[in-house]
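Have a look at the structure below before the remarks.
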Amino acid sequence: MKELSKTFITIVILVAFLIISGFADAADITSTAQGGKWSDKTTWIGGVVPTLTDNVIITSTVTANGGSYSSTPYPVVNLTINAGGKIIREKNSGGLSYLKISGNLTNNGEIIDYADYFDIDLAGNLINNGILKPRYINLTGENQQLSGTIVIECKQINLNMKDEFARAASDLIFKNCRVNSGVSTTNKKLNMNKFSLSLMADSIRYDAYYGSVSSSSEIVIPIVFDGTGILNAENSLIGGTIFGSAIIKSPSYAFFKDLTIEGNLTLDEGAKFSSQVNLQKLRVKGYFTNFADLNKDTVRVRNVKFAPRSMYLYVYGNSNNLGSTGISTVYPTTNGKTISLSGNYDAAVYIQQAENSDKPGGKVLINSEVNISGKLDVYANLEIQPGGTMNMLNKTLTSPVYVRKEQAAITNNGTIKRHHRVGNSWSYRSFTAQDGMFADYELREWSDRIEGVDISVFNNQTYSGLPGSVKRWWRLSPVGTGKVKTYTLKLYYDESMLNGQKEKNLKVFRSGDKGTTWELVSIGTNATLDTLENSISIGKWNIATSMLSEFGDFVISSGDGSVPIPSPIILNLVGSTNVRLGAPNRYTIHLYNAGNTRTESFMTSLTVSDDIAFKQVEIPTNDGKIILPIDSIGSPKDHTQVFYIPYLDPNEDYSFDVIVLGVNPGTKSAKNGGTSLTLFGFFDALRSGKKEETYVDVVNKVVDLNPSEMDEYYRALGVTDYKLLTKKEKDGTGAFVVKTFIKHTVETASNANPLTKIAYKIGSAIELVGEVKDSFRRRMWHWLYKEVGLYGVEESSGKTINGKIVTSWDPNEKQGPTGYGESNFLFQANKMNYTILFENKKEATAPAYRVQIVDTLSAVFNPETVKFGTTSHSGPNYNWKMERNGNVLKWDIEGIELPPNITPPEGEGYVTFSVDLKEGLNSGTVIENEATIVFDINPPITTNVWRNVLDTIAPQTVMTTLKYAVGDTAITVSCNSSDNVNGSGVSKYKYFASVNNEPFKFIGESYENSISFSVSDSTKNNYRFYALATDNVNNAELKVPKYAEINSIPVSNKTNELFSDQLKLYPNPTSGKITVECFTEKRTPVDLEIYSASGELVRISKLGLLEAGKGHFTMDISDLKQGVYFAKVILNQTAETFKVIKN
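Numbering (my numbering), first residue to last: 39 to 1181.
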């Protein structure tokens, strides 16, 4: 037994010796300075050829040519190529050779295969900071990582790992490389984590026979991104599956090959994509956002040129196409969910519930603008929401919209614009039962050639300037050289959209001049109101005279008054009440959409008094903020800056900062009323198209465009509007200065037509236009009140800061929403925005190291809605701690090193936050807020208390007696309005008029409680009026007051004869008697009435029966006072009024 034990011990010692000896032999082997063949001892320092147990360091050029015919491995543990080191495989040098690396590969030099027969098998990590060009790279290990800063260029990289993932440890770039896997039993994946992946190839190949694209750069294995990853593809093919979300970019072209995105997909602006072959499928399981060109134009890559390939695009989430989808058929797929559709679609759109025959339900919403150039097939419910617009642009299809009735329906609560193709064919004369259009018509007769009819329906909105109508209207326009002579029309209304109109009295009115005049068209026995079907039909097919003969705009109204639909946009201005002389003063403009739909574009402006100068504008984006100095946006001398806002989403709160300086009163004239900043909003009366008209007019005043150039510029404005909307969608830029807007438009017009002279004409004038000079501001007001019919009244949001210029202040201050008056009245202020300013005073002996701010919210706030906002000191060097504990907010920063404020604003800073008020607060509720600031270990500083008062009660209006006298050419309309005792007071009035029971029209706005309305003195009309008051915080009346009504009395413009000598009155003037001379063909009664100038009946005479022929009657008015009277002669049921002067 002892011998056995001894033998065992001997064996253990021997094995241990051998193991130790083996490790002793393992070494870091380095190439010599002269290098050489891998297999030669002279190539290596120490004369030892590396083995599979060695770490190898290459410092010179080493060849790895392999044997004549057989494969030759070069095994190592870890391989490092230093800068200047190379491993090369020479041309025509034998069989396959390959590096077999059981550890890591670190390349800071070069690995190049000149024979196209040199591979790398790698079991460890790859770090590439040099040139890496083998034939294949085969990943064969576990937990492998890829990283580096330089391109990896190999024919193929095979993910043949033992586990599932190869992981990126940095951004990766593959060139002329197919990223693949040779293991078919498992689904290998490249996990990019949060890093980007780039694929590139020198060029592509196109097989005309198969119509397919091939490239040396392709990825076919699944990619995994942690969150949203970036994939750059140049002349490369992308296929397989991407897990997570991706942004795909391409400086040239990229090609899709049956690709599935398991998350969201964004195609970047300026990129171009095509299908690899016809009928490839791109599936997006999340949101699809496209800024690129997808299958749009002829593909051109170097000397390769071919038409784009068709593609099926399946989107299971929201689809927002701000680029082009080209010839791609888009399939929004609900899969039981609610998804949205927006943007432009150049080909067919096929809305479906699933890719197969399943019917899981769901619906597609349109809540902004959608343009579809191809056919629309609807197999899942489609709903156009209020504020949404669907434009069907195709004018060649006879049936551009198909709805599978048993599966889906179109619900239109917004706007649909489409074309009815007639093709001058009797077979296509009818337009009936079209989902979402609420109109049927049938053309009976037309002249020449009618190609079709453009028809639009607008829901949940009244015709601009015509609030007294149902909240649905239509526009019909014929297309072609001919003219429709007769057609029948049937319009459908909805009881939920009556808008105060009485259903039993509904009528149809038509305007052929876009709302200037209206004609009642649903009259007579051939017009039928069906209150069960909710429809009004006009015309009988067999009675040509009963039909309509003109197209135009159509509204339904009973002639009753309605309250205008209010704007959902709320403006506010936050800043100090005083403006500091010479130092920057920050004011924040807050824009909030309180509605449930996206707004259209609008404008807002900030006007300052003469003792304030603009310094710069700071506009936030997704990546930070854009700082625009005043000389880049206008003239430093100008007192108004106008900003263009592309849109606001529902409940969106967007803000940007304007920095101003107080100016020495000696350098500018003092303005009466003191220092002020006033925020204006150009949206309350905004109507589509008016902003284009304004800018065209402004530019034309400066550069004198001819009519064709004006049309071109106008079209460019529409494109610019869309481009800036797209820019906000992409990078979050939510406001643009006017100069930027105009400059974009000039560039758009020039790019659309390179031969245009517009850019040349405008030239330096763009600076002049962009200055927003006084002439432009006057034109801006003209634009607003050209629409509303009243001049000289400014549209103000009521957000005016009044104060004074000061040489210094205490910036440890609390600033909040600017309201009206000393009480700072607010309306609908569910979101409160606050700024807290702090300062290390100039008397301080050292920089402040730590700043702490505490803000305790009162009971009127909902602390759960607190959002911490921007700070003055932000970035990697500043570490703010922001926290909320109940209703207590805290900011704490150490290491701020805020210097003494010797040269303002170097020692100043600020923090911001927003918080919602609690629901159900009563009008008159006082809202107060203050903060406490601590610098280092100094005593706390308490800011001022910012105070606002809620005013949520609208004024009430009573109409007063109309001022009118017979023969007047104007009626004075007046009212009395009162606000609640504790309210902000009545500010302005909007006036509405109805003539002869037509729909009420908006006739003007005034800060006075009266307005003059022009009337005819030669025709008898019925006039009705009402006014709606708004208080100083924009509470508007929601109930129409009792009308003021009057019948005008026409006055002859002749002094002594009318009716072709059938009727005469003389003498005129008279001191006593007047004689009426008449001529009739039959026995006729005659009456004479005398009215005072105020319209009071002062004398009446039944003159009796006048026999056939000529007769005369006399009335004595000698007892009447001197003055102007009106004599009304009633003859054979015809009345004529004469102005009579009594001496």
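Cβ coordinates follow ideal geometry from the N, Cα and C atoms, glycine included.
Keep in mind it's a predicted model, so treat the numbers as computed, not measured.
Problem set entry | Selected residue, minimal CA-CA separation from N373, among K397, Y388, D384 and G364 | Closest in alpha carbon position to N373, among K397, Y388, D384 and G364, is K397.
Exercise. What's the C-alpha gap between G933 and D769?
Worked result: Straight-line measurement puts the Cα of D769 at about 32 Å from the Cα of G933.
Problem set entry | CA-to-CA distance, V701 to D676, given in whole angstroms | Approximately 13 Å, taken between the alpha carbons.
Exercise. Does the beta-carbon distance from P855 to N871 come in below 8 Å?
Worked result: The answer is yes: Cβ separation under 8 Å.
Problem set entry | For R216, the first and last residue of its enclosing beta strand (DSSP E) | Annotation for R216: the continuous beta strand (DSSP E) segment containing it runs R216 to N218.
Exercise. Considering only C-alpha positions, which residue in the set N878, S1132, R636 and N1035 is nearest to K1001?
Worked result: Of the candidates N878, S1132, R636 and N1035, the one whose C-alpha sits nearest the C-alpha of K1001 is S1132.
Exercise. Can you name, in chain order, every residue of its own chain whose Cβ lies under 7 Å from the Cβ of L1076, other than the five neighbours on each side?
Worked result: If the five residues before and after L1076 are omitted, its C-beta is found closer than 7 Å to the C-beta atoms of V601 and A992, all from its own chain and listed in chain order.
Exercise. Do you know how far the Cα of T524 is from the Cα of F640?
Worked result: Cα to Cα, the separation comes out at about 40 Å.
Exercise. Taking the alpha carbon of G406 as the point to measure from, which residue in C215, N634, G947 and V972 has its own alpha carbon closest?
Worked result: Inspection of the sequence shows that residue 406 is occupied by Ser rather than by Gly. Of the listed residues, the one whose Cα sits closest to S406 is N634.
Exercise. If we count the other Cβ atoms within 10 Å of its Cβ and call it buried at 16 or more, is L1169 buried or exposed?
Worked result: L1169 is buried by the Cβ-count criterion.
Exercise. So M238 and E272 are in contact, right, with Cβ under 8 Å, and what is the actual spacing, rounded?
Worked result: Contact annotation, M238 with E272: C-beta distance approximately 4 Å; criterion of less than 8 Å satisfied.
For this session: Please confirm whether V217 and I257 have their CB atoms less than 8 Å apart.
Result: Closer than 8 Å, so yes.
For this session: Taking 8 Å as the threshold, find out whether the region 889 to 902 comes into contact with the region 955 to 972 through three or more Cβ pairs.
Result: Contact holds: three or more Cβ-Cβ distances are below 8 Å.
Exercise. Which one or two residues does DSSP pair with L611 in a beta bridge?
Worked result: Among the bridge pairs identified by DSSP, L611 is matched with I627.
For this session: Between the Cα of L164 and those of S185, A1074 and G74, spot the shortest distance and give me the residue it belongs to.
Result: Of the listed residues, the one whose Cα sits closest to L164 is S185.
For this session: Let me know the secondary structure DSSP gives N166 once reduced to three states.
Result: DSSP, read as helix, strand or coil, puts N166 in strand.
Exercise. Looking at A418 and G400, is the spacing between their C-beta atoms short of 8 Å?
Worked result: Cβ atoms of G400 and A418: closer than 8 Å.
Exercise. Per DSSP, I650 forms a beta bridge with which residues?
Worked result: The partner list for I650 (beta bridge, DSSP) reads G700.
Problem set entry | V86 burial status per 10 Å Cβ neighbour count (16 or more: buried) | V86 comes out exposed.
Exercise. So, is the C-beta of K319 closer than 8 Å to a C-beta in chain B?
Worked result: In summary, chain B is missing from the structure at hand, where a single protein chain is found.
For this session: With a threshold of 16 other CB atoms inside 10 Å of the CB of W1232, please say whether the residue is buried or exposed.
Result: A question about residue 1232 goes unanswered here, because the residues of the chain that appear run from 39 up to 1181.
For this session: Out of Q183, G859 and D335, state which residue places its alpha-carbon closest to the alpha-carbon of L197.
Result: Cα-wise, what sits closest to L197 is Q183.
Exercise. Whose CA, out of R459, G474 and S468, lies closest to the CA of V441?
Worked result: It is G474.
For this session: Return yes when the Cβ of G538 is within less than 8 Å of the Cβ of V1078, no when it is not.
Result: Yes. Within cutoff.
Exercise. In this structure, what does DSSP give as the bridge partners for C1013?
Worked result: C1013 is bridged to M997.
For this session: Please specify which runs of the beta strand (DSSP E), each continuous and at least 3 residues long, are wholly inside the region 1011 to 1066, giving them in chain order.
Result: Complete beta strand (DSSP E) runs here, min 3: 1024 to 1033, 1039 to 1044 and 1048 to 1052.
Problem set entry | Whole runs of the alpha helix (DSSP H) within the region 173 to 256, excluding any shorter than 4 residues | Segments of the alpha helix (DSSP H) lying fully in the region 173 to 256: there are none.
For this session: Below 7 Å CB to CB, which residues in the same chain sit around N166 once its five sequence neighbours on both sides are set aside?
Result: Counting only Cβ-Cβ distances below 7 Å, and skipping sequence neighbours, we find N145, G186, I188 and I190.
Exercise. Three-state secondary structure (DSSP) at A1165?
Worked result: Of the three classes helix, strand and coil, the one that applies to A1165 here is strand, per DSSP.
For this session: Run through the region 499 to 550 for me and flag every whole alpha helix (DSSP H) of 4 or more residues, listed as ranges in chain order.
Result: Counting only runs of 4 or more, we get nothing.
Exercise. Considering M1153, what are the terminal residues of the beta strand (DSSP E) in which it resides?
Worked result: Counting along the chain, the unbroken beta strand (DSSP E) around M1153 starts and ends at G1147 to D1154.
Exercise. Looking at the structure shown, is I668 part of a helix, part of a strand, or coil, going by DSSP?
Worked result: Residue state, collapsed to three classes: helix.
Exercise. N451 to K413, Cα distance in whole Å?
Worked result: N451 and K413 have their alpha carbons spaced roughly 21 Å apart.
Exercise. Going by alpha carbons, who is nearest to R321 out of D306, S366, V339 and K310?
Worked result: For the residues D306, S366, V339 and K310, the minimum Cα distance to R321 belongs to S366.
Problem set entry | Rounded straight-line distance, which links the Cα of I268 to that of K310 | Taking the straight line from one Cα to the other gives about 16 Å.
Problem set entry | Whole-angstrom distance between K343 and V336, CA atom to CA atom | Checking the sequence shown, residue 336 turns out to be Thr, not Val. Straight-line Cα distance between these residues: approximately 7 Å.
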